[in-house]
Structures are given as structure tokens and as C-alpha cells.
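Numbering (the UniProt record's numbering), first residue to last: 1 to 253. Glycine included, C-beta positions come from ideal geometry on N, C-alpha and C. Since the structure comes first, as C-alpha cells, the remarks are kept for the end.
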Amino acid sequence: MNYLDTPSGRRIAHHLSPGRGPCIVFLGGFRSDMEGTKAVHLDDWARGQGRAFLRLDYSGHGRSSGRFEDGCIGDWADDATETVARLIDGPVVLVGSSMGGWISMLVARRLGRMAGFVGIAAAPDFTEDGFWSSFDEGQRARLMRDGQIALPSAYGDPTIVTRRLIEDGRRHLVLRDPAPDMGRVRLLQGTDDADVPRDTALRLLDHLRGDVRLTLVKGADHRFSDPRCLSLIEAALRDVLAPDSQGPAPGPS
């Protein structure tokens with residue numbers, strides 16, 4: 001475990017496994033961290049393949065500095081972009097889980113050098129198309145008046161949605177603008193996902209350019225982390241990485 005201090009004063013926890021490029025970068029979801037099942041499993045898989053692999057905690061997540069409630073999409077995209085830019089030379093393959101799919105598109109827009117993208121229940125623009133669009137007038141009024149509201153969560157403590165999260169999210173929407181170059185793209189989506197509807201995956205499929213394929217997995221939920229789903233993520237990564245040639249191990253820029 002190592003830490004990187006960003007120009008904004010945030011301290012970002014990360015783990016970089018050496019290997020040949022393109023480096024695989026795992027970008028997790030809303031309130032998740034780099035010790036989650038998918039992140040750790042894929043790190044182990046990449047080491048077995050001799051592949052470089054980077055995982056990190058956004059500010060307010062896991063072991064990074066800050067409070068979750070103080071963060072927003074722009075902050076977390078800055079954290080990811082700065083970490084990748086400073087630690088990895090050359091092309092990258094981004095693996096974006098849920099919110100990490102949105103972060104991946106922002107990183108691609110800012111950084112470029114994309115060799116590919118694997119989206120797992122990718123949730124671009126979810127603060128607007130998920131949270132805000134589902135709020136009734138009372139919830140919207142409380143959010144604007146009090147600065148936050150609490151929503152029940154199937155994953156433990158209530159989810160705190162802040163006014164800053166919503167307003168910042170609007171400044172970083174990606175499905176309303178031309179898509180960045182993501183390289184070869186493989187999207188994975190469970191049909192029993194209660195958090196990200198399959199319509200989002202279809203919209204993303206239409207939005208992205210180039211070699212883009214979507215796999216719908218019957219019965220899979222949002223976690224997408226049982227052995228069958230983990231095997232499908234591995235297969236998607238092998239597919240994205242297939243055309244590349246061996247490159248140097250990543251190091252500090």
C-alpha cells in the first residue's frame with residue numbers, strides 16, 4: 001500500500017503491481033474501495049498473467065484522506081487522473097465498475113492513451129439520471145434546502161446524497177457530449193441489477209465509438225462478483241488485451 005499526494009491536498013491510497021503493459025487500472029464504484037472482491041481478484045489475475053495492475057481509493061473512500069460526504073464526481077475523477085498520470089507510463093486499460101465507468105470516461109477524456117475499457121454495470125451520469133430524476137419534489141426541496149438527503153441502501157448505512165454531488169455531477173455529464181476514445185470496449189451488465197438498469201448499458205453501447213460489445217448476463221446482480229461473473233470479467237480483459245504487444249513495466253512518470 002502506498003500513498004500519493006495530489007495538488008489539491010488529498011492523499012490517495014493505491015497499490016501498483018508491476019508487469020508488462022498496457023497497465024490495467026481498476027476504478028471502483030460509489031462508496032466502494034480497492035479491497036473489494038473484483039479489485040483484489042483482478043489484481044491476482046493480472047499478476048498471474050504478468051500484467052501491470054493499479055487499484056486505488058478515491059478521496060473519502062477506503063484508506064484515502066477525506067470524508068465521503070464531502071466528495072463529488074469531479075474530485076474523484078481528479079484523484080484517478082492524477083494517480084494514473086503520475087504512476088503509469090504508456091497506454092492503459094481501464095476497468096470501471098458502476099460509478100467507475102463514469103470516472104473511466106472522464107479519465108479517458110483528460111488523459112487519452114486508452115488501450116481499452118471494460119465496463120462492469122457502468123453508471124455514467126447516475127447523479128442526474130439516477131438520483132435526481134428519481135427524487136420527488138419533496139426530496140428535491142430538502143436537498144436544495146438542507147444540502148443533503150439520506151437514502152436507504154441495500155449495502156448497509158444510508159447513502160448520503162449531497163447538493164454538491166448533484167450540482168458537480170451536472171458539470172461532468174458524459175452521455176450528452178461526444179464520447180472520448182476508449183479503445184476496444186467490452187461492457188458487462190447483469191439483468192437483475194437493481195441499481196443500474198440495462199437501459200443504461202444500451203445507451204452507453206450506442207454512445208461509445210469503435211469496437212464496442214455488450215454482454216447481458218441473465219440473473220447477475222449489481223455486485224457482479226460471483227465466480228461466474230469474475231470469469232466473464234477476465235474473458236473481457238483477455239479480449240481487450242489480445243491485440244497488444246508486450247511493453248515495458250510501468251514506473252513513475
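Inset, instruction - Within its chain, find whatever has a CB closer than 6 Å to the CB of residue 213; leave out the 5 residues flanking it on each side and keep chain order. - result: 186
Inset, instruction - Return the CA-CA distance between residue 249 and residue 132, expressed in angstroms with no decimal places. - result: Residue placement at residue 249 cannot be trusted, given a pLDDT of 41 that sits under 50; the coordinates are not used to answer.
Inset, instruction - Would you decide whether residue 245 is buried or exposed? Buried here means 16 or more other CB atoms lie within 10 Å of its CB. - result: Residue placement at residue 245 is poorly supported in this model, since its pLDDT is 39, which falls under 50; the coordinates still yield a value, given next. Exposed, because fewer than 16 other Cβ atoms sit within 10 Å of the Cβ of residue 245.
Inset, instruction - Could you tell me the boundaries of the beta strand (DSSP E) in which residue 5 lies? - result: 2–5
Legend entry - residue 254 - containing alpha helix (DSSP H), residue span: The chain is shown from 1 up to 253; residue 254 falls before or after that span and cannot be answered.
Legend entry - Spatial neighbours of residue 195 in its chain, beta-carbon cut-off 6 Å, leaving aside the 5 residues before and after: 222
Legend entry - Identity of the residue in 6, 143, 206 nearest residue 177 by Cα: 206
Inset, instruction - Would you tell me roughly how many angstroms separate the C-alpha atoms of residue 84 and residue 234, rounded to the nearest one? - result: 21 Å
Legend entry - Per DSSP, the bridge partner or partners of residue 174: Per DSSP, none; premise fails for residue 174.
Legend entry - residue 166 versus 238, 128, 6, 237, residue with shortest Cα-Cα distance: 128
Legend entry - Cα-Cα separation, residue 6 to residue 59: 10 Å
Legend entry - Beta-carbon proximity of residue 99 to residue 135, cut-off 8 Å: no
Legend entry - Per-residue DSSP class, three states only, for residue 227: helix
Inset, instruction - Determine, using beta carbons only, whether residue 240 and residue 93 come nearer to each other than 8 Å. - result: yes
Legend entry - residue 48 versus residue 225 - alpha carbon distance: 19 Å
Legend entry - Start-to-end residues for the alpha helix (DSSP H) that takes in residue 103: 99–111
Legend entry - Contacting residues, own chain, Cβ-Cβ under 6 Å from residue 175 (five flanking each side not counted): 124, 125, 207
Inset, instruction - Using the Cα positions of residue 113 and residue 29, report the straight-line distance between them to the nearest angstrom. - result: 22 Å
Inset, instruction - Compute the distance between the beta-carbons of residue 147 and residue 162, then report whether it is under 8 Å. - result: yes
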